[in-house]
Each structure stands twice: as structure tokens, then as C-alpha cells.
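In UniProt numbering, the protein residues as written are 1 to 141. Built from N, CA and C at the ideal position, the CB exists for glycine as well. Since the structure is predicted, the reported quantities are computational estimates derived from the model, not experimental observations.
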């Protein structure tokens, strides 16, 4: 699963300090230090403060850790390799970074760089800037 792979990349970059499990709504935890992320593909208005704008433009958004949302625009053409649409691997990795608390990076090689590149990201890897950012944010040496 592409989304599980993206979460795994962030877990690996944190040296295992961040662990992710795919849960059904009934398995969610409340009142603990565990975080829950809701992943959704939606079109236009979809129940949060940011509506999607249809094909092109905004392709996804996420909330910083307190919100726990990762939303993808269902009007886009998505693919798992970027050849016939937007690369879901790349966008998911970027949005999960936001959901974990990272902001945009000035490093054009970083997944957290603010602009989607049509250049296919064959390696699907986090850049050093991404890794250092998540480790600093979560106090991982």
C-alpha cells in the first residue's frame, strides 16, 4: 500500500521512534499520547475548513499534529509512479510530513519543498533536510 510505505519512510527516518498502524475507526485511541490521522480522498467541500478546487491547483492538504488530517483531492489523476498522473507516493510523503509537524523546506531536493515537481521521484526517498527536520522536531539523535 502506497500510504503505508510513506508512513514507513517517516518511521525509518525517526530510527523507529515514530510507529504507525492502520486502524479501523473502532480501534482508535483517545486520551493517550497516541495520535490518529484520518486519510481521505474527497472533492470540493468535504467537511473541513479547506475545500478542494477541482482538477489542478490544490492537490492535497493536511493539518499539523493537533488536527490529524491528511486529505487528497479526488478530482486529480493519481498514480503510484507519477507517469500517468500525480505521484501519490510523493504527495503522501509530503503531507504526512506536515501532519507530523514539519513545515516547508527551502531545499529543492527535500520532500517538504513546497512545490510539486513533474520530475519523477524514482527513488521515493526522504532528503537529508527532511530526516534532520523530523529528528529535531521529535528529539531524536
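Item	Value
Reducing DSSP to helix, strand and coil, say where residue 61 ends up.	strand
For a test of the three-state rule: what should DSSP assign to residue 79, helix, strand or coil?	strand
If you measure between the beta carbons of residue 37 and residue 68, is that distance less than 8 Å?	yes
Go ahead and pull the three-state DSSP assignment for residue 20.	coil
Excluding sequence positions up to five away, which residues of its chain have a Cβ less than 6 Å from the Cβ of residue 41?	72 and 74
For residue 141, does the count of other Cβ atoms within 10 angstroms reach 16, so buried, or fall short, so exposed?	exposed
Going by DSSP, which residues form a beta bridge with residue 129?	Answer is none; residue 129 lacks a bridge partner.
Short check: CB of residue 11 to CB of residue 3, under 8 Å?	no
Which residues does DSSP list as the beta-bridge partners of residue 110?	None, per the DSSP bridge assignment.
By the three-class DSSP mapping on this structure, what secondary structure does residue 93 have?	helix
Between residue 91 and residue 60, how many whole angstroms is the CB-CB distance? I'm expecting something under 8 Å.	5 Å
Report the rounded CA-to-CA distance for residue 103 versus residue 132, giving the unit in angstroms.	13 Å
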